[in-house]
Amino acid sequence: MDASDLLPMYLIPHASGIAAWTLFFFVCEWASFLVSPLVSTQYRSLTPRNKVMWANRVASTVNAIVVCPVSAYILWTYFDLRLRIQVELELSNYLFQAAFGYFLWDLYQCLRHLADFGVSFLLHALACLGVYGICLMPTMQVYGSMFLLFELSSPFINAVWLLQKGAKGVPAQVFTVLGLITLLVFFLVRIVLGNIVGLEVWQEVFLVPEQPMSLPVRLFFMISHLALSLLNVFWFVMMIRYVLRSSSHQDKHE
17 MDASDLLPMY
27 LIPHASGIAA
37 WTLFFFVCEW
47 ASFLVSPLVS
57 TQYRSLTPRN
67 KVMWANRVAS
77 TVNAIVVCPV
87 SAYILWTYFD
97 LRLRIQVELE
107 LSNYLFQAAF
117 GYFLWDLYQC
127 LRHLADFGVS
137 FLLHALACLG
147 VYGICLMPTM
157 QVYGSMFLLF
167 ELSSPFINAV
177 WLLQKGAKGV
187 PAQVFTVLGL
197 ITLLVFFLVR
207 IVLGNIVGLE
217 VWQEVFLVPE
227 QPMSLPVRLF
237 FMISHLALSL
247 LNVFWFVMMI
257 RYVLRSSSHQ
267 DKHE
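Just so we're aligned, residue 17 is where the sequence shown starts under this note's numbering, counting upward by one.
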């Protein structure tokens with residue numbers, strides 16, 4: 017493997033953008049600690065652990081709001097370029113700088129609060145850094161935009177958690193509707209679209225002759241993608257179990 021295969025070299029031109037976005041999400045975290053007591057009467061009674069989780073979900077929602085519209089625009093405009101492995105788009109560079117900066121912040125949070133977040137979220141942060149770092153080479157930038165659409169489910173997941181912890185008197189029907197929307201969006205975007213796109217990526221990466229990507233980069237990309245796919249299936253199963261337990265609990269109290 018020569019020097020051009022080293023991922024950090026590809027990140028150097030994007031260092032300032034990545035640093036700016038990483039700082040931005042630290043600001044989102046600090047702003048959450050300051051503003052949340054003003055918008056939620058329940059916030060002050062949360063445990064320190066839940067306040068950390070609250071800030072994480074606020075930043076996660078902001079990330080989804082930033083990256084999902086841009087990802088959708090790139091897919092709509094440049095969908096015909098998805099089969100070109102090495103294509104560089106200026107807008108995609110900005111997009112993946114934001115994504116990489118967010119997951120750098122996320123990695124820091126996972127390491128700092130490993131007991132709270134668990135190993136699965138740590139692996140998720142590492143895998144996302146691997147995928148979106150490779151997209152900055154530039155490699156597979158249109159495919160990378162598809163993977164960023166996974167974040168479409170995050171606002172719904174976060175809304176359920178924030179309402180449960182930070183609001184009183186929310187009708188049960190609201191949680192039911194949000195829960196169903198969350199499961200549907202998660203399944204369609206992360207499981208269905210994720211696996212369809214993943215299969216196409218595997219074909220492009222390993223079956224196309226005269227592949228411009230080196231073997232180490234291809235293996236690293238696919239291992240990261242496989243880890244994300246397995247985590248999404250694991251989390252979807254956990255979400256279904258949670259919904260079933262909640263429904264059973266409600267039935268016992270009716």
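No residue lacks a Cβ here, since even glycine has one placed at the ideal position from N, Cα and C. Please read all numbers here as calculations on a predicted model, not as lab measurements.
Three Cβ pairs or more, each shorter than 8 Å: is that satisfied between the segment 106 to 125 and the segment 65 to 81? Touching, yes.
Count the other C-beta atoms from every protein chain shown that fall within 10 angstroms of the C-beta of Asn-211, then say buried if there are 16 or more, exposed otherwise. Start at 1 with the first residue of the sequence shown, and residue 211 comes out as number 195. Exposed: under 16 other Cβ atoms inside 10 Å.
Of the listed residues Val-43, Gln-219, Leu-165, nearest to Trp-92 (C-alpha basis): Here residue 92 refers to the residue found at position 76 of the sequence shown. Nearest C-alpha to Trp-92: Leu-165.
With DSSP collapsed to three states, give me the class of Leu-62. If you number the sequence shown from 1, residue 62 lands on position 46. Coil.
CB Leu-199 to CB Cys-84, shorter than 7 Å? Numbered from 1 along the sequence shown, position 183 holds the residue referred to as residue 199. Numbered from 1 along the sequence shown, position 68 holds the residue referred to as residue 84. For Leu-199 and Cys-84, no; Cβs fall outside 7 Å.
According to DSSP, is Asp-18 part of a helix, a strand, or is it coil? Numbered from 1 along the sequence shown, position 2 holds the residue referred to as residue 18. For Asp-18, the predicted model reports a pLDDT of 43, less than 50, meaning its position is unreliable; a value from the coordinates is still stated below. In this structure, Asp-18 counts as coil in the three-state DSSP scheme.
Please report the Cβ distance between Leu-152 and Tyr-26, rounded to the nearest whole angstrom; I am assuming they are in contact, meaning their Cβ atoms lie under 8 Å. By one-based count along the sequence shown, residue 152 stands at place 136. By one-based count along the sequence shown, residue 26 stands at place 10. Yes, they are in contact, since the Cβ atoms of Leu-152 and Tyr-26 sit about 6 Å apart, within 8 Å.
Answer yes or no: do Gly-160 and Ser-240 have a C-beta to C-beta separation smaller than 7 Å? Working through the sequence shown from its first residue, we reach residue 160 at position 144. Working through the sequence shown from its first residue, we reach residue 240 at position 224. In terms of Cβ geometry, Gly-160 and Ser-240 do not form a close pair [threshold 7 Å].
Check whether the Cβ atoms of Val-158 and Arg-234 sit closer than 7 Å, and answer yes or no. As a working mapping, residue 158 is identified with position 142 in the sequence shown. As a working mapping, residue 234 is identified with position 218 in the sequence shown. Against a cut-off of 7 Å, the Cβ pair of Arg-234 and Val-158 comes out as no contact.
My parser needs the alpha helix (DSSP H) runs of 4 or more residues fully inside the segment 100 to 150; what are they? Taken in chain order, the whole alpha helix (DSSP H) runs of length 4 or more contained in the segment 100 to 150 are 106 to 128, 130 to 133.
Evaluate contact between the segment 28 to 39 and the segment 64 to 73, counting only Cβ atoms and requiring at least three cross-stretch pairs below 8 Å. no
Report the option in Val-221, Arg-206, Trp-218, Pro-228 whose CA atom is closest to the CA atom of Phe-252. Against the sequence shown, residue 252 aligns to sequence position 236. Selected option, being the one with the closest Cα: Arg-206.
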